[in-house]
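A quick write-up on the structure given underneath.
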Amino acid sequence: MSKTLSRLGLAMRAGKMVTGDEIVLKAIRSSEAKLVILAADASANTQKKFRDKCGTYNIPLVIGFDRESLGTSIGKPERVVLAITDQGFAEMISKSLGDNSEVEYIE
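Using my numbering, the letters of the sequence shown correspond one by one to residues -14 to 92.
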């Protein structure tokens, strides 16, 4: 498992993450979300919805990994979208992405 995925698990255990479409949208609207991670295999509509929302609210968006690895990393079934709600965890995860070719980082 990559360093980024293990850090996602750490954020989940620390209670600094929300998952699920509507809950993440609510976190974006309230500016509670500091970083949004979207599965690369999410539908085109879902990708557009989160690109637009994150762009509107100036929240960094990462598109990468697949839904199965995102879910596994946080000890849940498949997950399409996650939001990190703590600035420290968001920065740590952003740094660990680095030059990872699997992800597209949108600021």
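Just so you know, even glycine gets a beta-carbon here, dropped at the ideal spot from N, CA and C.
Residue i, DSSP secondary structure in three states
i        : result
Gly0     : coil
Ile48    : strand
Ile69    : strand
Met(-14) : For Met(-14), the predicted structure reports a pLDDT of 48, less than 50, and the residue's modelled location is therefore unreliable. A value from the coordinates is still provided. Looking at Met(-14) - three-state DSSP - the assignment turns out to be coil, as it is neither helix nor strand.
Ile22    : strand
Ile8     : helix
Asn30    : helix
Arg14    : helix
Rounded distance between the beta-carbons of residue j and residue i, thought under 8 Å
i     : j       : result
Phe74 : Ala(-4) : 4 Å
Ile44 : Ala25   : Not confirmed; about 18 Å, so no contact.
Spatial neighbours of residue i in its chain, beta-carbon cut-off 6 Å, leaving aside the 5 residues before and after
i    : result
Thr4 : Arg64, Leu67
Contact set for residue i: own chain, Cβ-Cβ below 8 Å, skip 5 residues either direction
i     : result
Thr70 : Lys1, Met2, Val3, Ala12, Glu17, Ala18, Lys19
Met77 : Arg(-8)
Residues near residue i in its chain [Cβ-Cβ closer than 7 Å; skip 5 each side]
i     : result
Gln72 : Lys19
Lys96 : Residue 96 is absent from the model: the chain starts at -14 and stops at 92.
Phe35 : Val21, Leu23, Leu46, Val66
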